[in-house]
């Protein structure tokens, strides 16, 4: 029995070592991928948002968007309503109760950014006369549009980023949960001895297959609970934030 305990302990240590190496590699990747000036990136997005919000050039009525795209007002209104319901865009009231749509956010949501920029570039000469207010405004609109698109792209990328310290903490928590299960493998020594006594090596093989098959869903369940707990904590923090 002591020999079986030693074998089980060795298997446990081996598995723990493999898990630790895997998690160490993930932590290294976390440092190389997630290490970034997170606050500065958000500040850039906030500054771009304030600039584009201040000039108001990107906010167009549904009729203006329909005219630019050569489609009916009803078609644009339907698409705007659907995107607004999904939370993909925002609208705001304009003069006379007209609904205004952020054209950059609209194009970004429907994936027409490239076509819109090409249309703007073709419609506005590269060197507009400074004395021509119409061309000057169109150039300003193009610059504002591209700044807004850059802000939206940054925000989308930031959603895929996490601060490195949070990634480290999550890796350590997952490691503890998995190693807790692995460290309990020696408790199966008696059952393993019985399987060997009854059927020899085939019995041991069948027992170990059953044990690993049972271990996988338990570890998955542990990690699922960690995800749920993390999501709840994140929601509580977001709710408590001013």
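Numbering (UniProt numbering), first residue to last: 1 to 242. Idealized CB from N, CA, C, for every residue including glycine. Predicted, not measured: the structure shown is a model, and the values here were computed from it.
So residue i is in the beta strand (DSSP E); what residue range does that whole segment cover?
i	result
residue 67	Element bounds for residue 67: not the beta strand (DSSP E) but the alpha helix (DSSP H), 62-69.
residue 199	Not the beta strand (DSSP E): residue 199 falls in the alpha helix (DSSP H), residues 189-199.
residue 100	99-102
Looking only at C-alpha atoms, which of the options sits nearest to residue i?
i	options	result
residue 89	180, 205, 181 and 77	77
residue 57	150, 144 and 235	144
residue 172	70, 192, 226 and 97	226
residue 81	214, 101 and 224	101
residue 146	106, 210 and 198	106
residue 215	71, 94, 153 and 178	178
residue 219	79, 142, 174 and 87	174
residue 95	60, 203, 176 and 110	60
residue 234	67, 75, 170 and 108	170
residue 111	153, 142 and 98	153
residue 211	198, 222 and 186	186
residue 192	67, 204 and 64	204
residue 98	67, 62 and 69	62
In three-state terms, what does DSSP make of residue i?
i	result
residue 210	helix
residue 92	strand
residue 239	helix
residue 223	helix
When burial is assigned at 16 or more other CB atoms within 10 Å of the CB, is residue i buried or exposed?
i	result
residue 85	exposed
residue 182	buried
residue 71	exposed
residue 148	buried
residue 151	buried
residue 167	buried
residue 104	buried
residue 195	buried
residue 109	buried
residue 231	exposed
Need the endpoints of the alpha helix (DSSP H) that residue i sits in, please.
i	result
residue 79	73-85
Please indicate yes or no: does the CB of residue i lie closer than 6 Å to some heavy atom of the ligand FMN?
i	result
residue 101	Only the bare structure without any ligand can be found here, which leaves the ligand FMN out of the picture.
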